[in-house]
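Sequence lines, in order, name chains H and V. Using numbering that gives the first Met the number 0, the first residue of the first sequence is number 0, and each one after it goes up by one. Using numbering that gives the first Met the number 0, the first residue of the second sequence is number 0, and each one after it goes up by one. Beta carbons: idealized from backbone N, C-alpha and C, even for Gly. Here the structure is a predicted model, which means the values were calculated and not measured. Quick notes on the structure that follows.
Protein chains: 2
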Amino acid sequence: MASPGNPRPVRLADIAKAAGVSHGTASNVFSRPEIVREEVRERVKAAAEAMGYGGPDPKGRLLRAGKVNAIGVATAEPLSYFFDDPFARVMMAGISQACDATGAGISLVSAANNEQLAWNIQSALVDGFIVFCIEGGSRLVQLARERKLPFVALDLASEDGSVATIGIDNVAGAAMAARHLTDLGHRRFAVLALEFVDGRTGLVSPDQAQNAVYAGTRDRLTGYFQELSRVGVDTTRVPIYATANDVASTKSALETIFGTAEPPTAILAMSDRMALVALEWLSARKLNVPNDVSIVGFDGVPEAAVSEPPLTTVAQPIAEMGRLAVKAILDNDGTTNRRQLPVELIVRASSAPPRG
Amino acid sequence: MASPGNPRPVRLADIAKAAGVSHGTASNVFSRPEIVREEVRERVKAAAEAMGYGGPDPKGRLLRAGKVNAIGVATAEPLSYFFDDPFARVMMAGISQACDATGAGISLVSAANNEQLAWNIQSALVDGFIVFCIEGGSRLVQLARERKLPFVALDLASEDGSVATIGIDNVAGAAMAARHLTDLGHRRFAVLALEFVDGRTGLVSPDQAQNAVYAGTRDRLTGYFQELSRVGVDTTRVPIYATANDVASTKSALETIFGTAEPPTAILAMSDRMALVALEWLSARKLNVPNDVSIVGFDGVPEAAVSEPPLTTVAQPIAEMGRLAVKAILDNDGTTNRRQLPVELIVRASSAPPRG
DNA sequence: AGCAATATTTGAATCGATCCAACGAAAGTG
DNA sequence: CACTTTCGTTGGATCGATTCAAATATTGCT
């Protein structure tokens with residue numbers, strides 16, 4: 000039908016000419032109709048209609064106005080991450096809420112492969128960035144910073160004090176999880192870890208862990224081991240398996256962990272996602288949670304409340320973090336550096352004293 | 000730190016002057032570095048660095064280049080709809096996939112309140128729109144069309160042949176659901192409907208249904224009743240309750256439907272979301288599904304496969320619809336008008352013959 | 001009718017880049 | 001050495017709008 004598939008070179012200036020007015024007046028017809036005489040206004044509108052003019056092109060307006068009225072959310076994962084991952088979804092819900100309240104839009108920017116990455120960030124039309132640093136964060140942060148736009152990194156315990164961050168106290172949160180399990184009497188542990196270094200999954204030695212690129216992962220491990228040491232557990236013998244936080248690598252991790260002579264009685268998982276996979280995997284193996292194995296997750300995603308059994312976990316105020324991030328960007332007063340929100344241990348049915 | 004909170008008026012022209020070259024050359028340094036002499040290139044880059052230039056502003060580039068390289072997804076719901084609603088999420092996953100493949104970004108545009116709505120659509124920086132027409136679609140479609148950008152309406156069985164649409168055969172899908180239940184022997188039904196008219200929930204009479212604004216809702220009802228009539232059910236006595244497709248109004252619907260002397264043995268739900276709420280509500284009432292009541296949903300969202308009991312439903316190729324929509328927008332050849340995809344009845348455990 | 005006050009309209013300047021025809025300088029050729 | 005290529009650089013035109021001071025038209029008042 001009407002759509003010819005190609006050029007639509009009808010500009011404001013065209014209809015101004017057609018209506019016999021200056022482009023200044025034509026512009027006013029759309030942006031401040033009340034100051035234009037009715038007769039003229041109608042004439043211009045008629046011309047616009049006749050020529051198939053779709054209203055002032057935001058591309059043009061933008062340049063003059065300066066503000067895009069949208070905030071960018073960037074991640075190194077594929078775009079579908081925003082809709083699949085439970086953590087991301089709760090976070091996005093918080094971000095959405097804050098954006099709705101202020102009328103801002105959301106631009107999703109992905110950078111799954113490295114070349115696109117740079118370009119996508121560099122050319123994103125946004126007033127600021129929220130960077131998801133769950134994985135592969137460092138490069139993203141650098142690119143975002145180069146845009147010299149307001150930006151906030153989420154969930155990144157970066158060394159770099161110059162990066163505005165909204166996060167949690169990973170050490171304290173992890174310690175709470177470990178403490179809960181040691182209090183229950185557990186002494187044999189395994190850690191389902193997030194990546195310490197980009198793309199590296201598998202068993203990780205304690206020194207490798209100390210040299211982590213991802214400070215968040217390292218800090219959680221520190222928190223875990225801090226508590227385990229207190230009760231005399233030899234942490235050098237606790238298996239640490241880094242996964243890509245997906246089903247496949249988490250299952251590999253579990254195979255390895257439970258393939259040993261003395262399997263753990265308790266699992267410390269650095270994400271609820273891994274913990275939930277573990278729940279399923281153990282159930283398929285006829286291992287009872289919490290009686291054979293206790294599990295404590297991390298994040299506090301909604302799914303953790305309705306799993307079988309419901310998951311004990313360290314809950315982050317995820318949605319709140321999203322809301323704060325938007326706020327930090329919109330009223331970019333430069334004050335919001337490095338905010339740390341409290342976490343909370345939620346005890347549910349996936350943890351209990353070890354057998355016997 | 001470095002972020003002063005206000006103006007950053009450093010433009011390409013500024014660094015050009017600082018480096019003692021023309022703006023043309025300065026531009027080349029960033030867009031085609033290979034054609035400018037190394038010495039000059041370094042000089043310009045140094046100047047940029049020194050003055051805190053964040054690279055060519057996409058706002059400026061955009062005007063010249065024309066393409067935003069992002070597609071807009073618009074809905075009349077709040078932005079969080081994209082992350083909360085199961086149907087929307089699967090659809091967005093399909094859209095994400097197609098966008099990732101082509102390197103395009105996604106702009107989420109919401110229009111929860113009417114004034115913002117118009118403006119948000121009119122000022123969205125996108126190359127085309129995908130309009131979610133689940134609810135409140137008509138106005139959205141009109142606004143999107145006025146932008147004269149490529150656009151596709153999803154899930155809208157519009158009368159208007161000039162609107163490009165990707166959808167399903169609602170009548171046929173609904174008929175399959177009803178046929179399944181009548182085949183099982185059911186004769187007493189209730190319909191959990193989506194809205195027929197904007198924002199109107201509650202019991203709906205058959206004539207009101209015929210005057211629906213939302214053709215999709217009406218068509219599904221037509222499909223249901225077509226089959227029910229075939230086996231002699233008096234459709235005028237089948238309660239039709241329109242909900243807002245949320246928990247609260249679905250519960251009200253169920254209260255009403257099961258508050259009668261002769262409650263139905265089978266429920267036809269126009270969305271899985273409602274069907275899942277019904278599952279829970281009935282279980283809380285100690286009514287067994289499928290023995291006391293059978294339920295057939297609509298959509299085929301992932302949650303329907305893992306509910307208790309798993310839900311019999313009419314599955315749409317949701318993700319595929321999303322993928323096709325993106326494709327239709329990107330290679331806007333004007334050919335993609337009104338595409339209808341097949342639906343499929345997935346029989347699970349929520350439907351069985353009525354008692355006795 | 002004459003003049004001030006008010007209502008409209010005009011057109012140049014601006015937003016921040018990219019593109020491209022033209023041009024000067026250095027290198028290659030006979 | 002004059003003459004063509006090649007390479008790099010320049011600066012004006014352009015993308016599509018908004019803004020605003022100045023110009024012009026209308027209206028009100030005596």
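Which of helix, strand or coil DSSP assigns to residue i
| i | result |
| --- | --- |
| H:Ser21 | coil |
| H:Leu267 | strand |
| V:Leu78 | coil |
| H:Arg338 | strand |
| H:Glu343 | strand |
| H:Tyr223 | helix |
| H:Gly160 | coil |
| H:Val130 | strand |
| V:Phe188 | strand |
| H:Gly172 | helix |
| V:Val237 | coil |
| H:Ala152 | strand |
| H:Leu202 | strand |
| H:Gly166 | strand |
| V:Arg144 | helix |
| H:Ser349 | coil |
| H:Arg10 | coil |
| H:Asp218 | helix |
| V:Leu124 | coil |
| V:Ala15 | helix |
| V:Leu193 | coil |
| V:Arg354 | coil |
| H:Glu261 | coil |
| V:Asp182 | helix |
Nearest residue (CA-CA) to residue i, options the options
| i | options | result |
| --- | --- | --- |
| V:Pro205 | V:Asp218, V:Ile328 and V:Cys132 | V:Asp218 |
| V:Ser109 | V:Cys98, V:Leu142, V:Ala103 and V:Ala97 | V:Leu142 |
| V:Thr74 | V:Trp118, V:Ile129, V:Ser26 and V:Gly59 | V:Ile129 |
| H:Leu278 | H:Ala260, H:Thr259, H:Glu261 and H:Glu302 | H:Glu302 |
| H:Val246 | H:Gly166, H:Leu193 and H:Thr311 | H:Leu193 |
| V:Asn331 | V:Val203, V:Pro149, V:Ile266 and V:Ala171 | V:Pro149 |
| H:Gly104 | H:Tyr213, H:Lys66, H:Phe131 and H:Ser30 | H:Lys66 |
| H:Val43 | H:Arg229, H:Asn27 and H:Cys132 | H:Asn27 |
| H:Arg354 | H:Val295, H:Leu286 and H:Asp168 | H:Leu286 |
| H:Phe188 | H:Pro352, H:Ile167, H:Pro57 and H:Gln207 | H:Pro352 |
| H:Ala274 | H:Asn244, H:Thr24 and H:Gly258 | H:Asn244 |
| V:Val342 | V:Ile167, V:Phe224 and V:Pro238 | V:Ile167 |
| H:Arg236 | H:Pro263, H:Ala252, H:Ser282 and H:Arg60 | H:Pro263 |
| H:Gly296 | H:Ala174, H:Leu202 and H:Phe257 | H:Ala174 |
| V:Arg144 | V:Ser228, V:Gly23 and V:Gly71 | V:Gly71 |
| H:Ser30 | H:Leu281, H:Pro55, H:Glu41 and H:Pro77 | H:Pro55 |
| H:Met320 | H:Asp271, H:Gln115, H:Ala87 and H:Thr234 | H:Ala87 |
| V:Ala260 | V:Pro238, V:Val276 and V:Ser251 | V:Pro238 |
| H:Glu48 | H:Ala17, H:Asp182, H:Asp233 and H:Ser122 | H:Ala17 |
| V:Phe131 | V:Thr234, V:Ala45, V:Ala324 and V:Leu180 | V:Ala324 |
| V:Thr101 | V:Glu226, V:Asn68, V:Ala318 and V:Tyr240 | V:Asn68 |
Contact belief for residue i with residue j at Cβ below 8 Å, rounded distance in angstroms
| i | j | result |
| --- | --- | --- |
| H:Thr242 | H:Thr249 | 5 Å |
| V:Ala163 | V:Arg337 | 7 Å |
| H:Lys124 | H:Ser106 | Position check: residue 124 of chain H holds Leu in this sequence, whereas Lys was assumed. About 7 Å separates the two Cβ atoms, so the contact holds. |
| H:Gly222 | H:Gly160 | Not really, about 21 Å apart at Cβ, beyond 8 Å. |
| H:Val212 | H:Val196 | 5 Å |
| H:Ile165 | H:Arg146 | Between H:Arg146 and H:Ile165 the Cβ distance is about 19 Å, and since that is not below 8 Å, they are no contact. |
(message) Residues of the region 83-117 of chain V in Cβ contact with chain H at a cutoff of 7 Å, in chain order, please.
(response) Cβ contacts with chain H: Asp83, Arg88, Met91, Ala92, Ser95, Gln96, Cys98, Asp99, Gly102, Gly104, Ile105, Ser106, Leu107, Val108, Ser109, Ala111 and Gln115.
(request) Report the residue ranges of all alpha helix (DSSP H) runs contained in full by the region 31-112 of chain H; include only those spanning at least 4 residues, in chain order. (result) If we require 4 residues or more, the alpha helix (DSSP H) runs fully inside the region 31-112 of chain H come out as 37-50, 57-64, 80-83 and 85-101.
(request) Pull out every residue of the region 64-75 of chain H whose Cβ sits closer than 8 Å to any Cβ of chain V, in chain order. (result) For the region 64-75 of chain H, which is checked against every Cβ of chain V, the residues closer than 8 Å are Gly65, Val67, Asn68 and Ala69.
(request) For the region 268-328 of chain V, list the beta strand (DSSP E) runs that are entirely contained and at least 3 residues long, ordered along the chain. (result) Here the runs fully enclosed are 293-298 and 311-314.
(message) So if I threshold CB-CB distances at 7 Å, which residues from the region 184-197 of chain V count as touching chain H?
(response) Of all residues in the region 184-197 of chain V, none has a Cβ within less than 7 Å of some Cβ in chain H.
(message) Using a Cβ-Cβ cutoff of 8 Å, what residues of the region 140-151 of chain V are near chain H? List them in chain order.
(response) Within the region 140-151 of chain V, Glu145, Arg146, Lys147, Leu148 and Pro149 place their CB atoms closer than 8 Å to a CB of chain H, listed in sequence order.
(request) Using a Cβ-Cβ cut-off of less than 9 Å, give me the residues of the region 259-283 of chain V that come near chain H, in sequence order. (result) So nothing in the stretch comes that close.
(request) Could you list the residues in the region 119-130 of chain H with a C-beta less than 7 Å from some C-beta on chain V, going in chain order? (result) So the close ones are Asn119, Gln121, Ser122, Ala123 and Leu124.
(message) Under 7 Å, CB to CB, which of the residues in the region 23-46 of chain H have a partner in chain V?
(response) Going along the region 23-46 of chain H in chain order, one finds no residue with a Cβ nearer than 7 Å to chain V.
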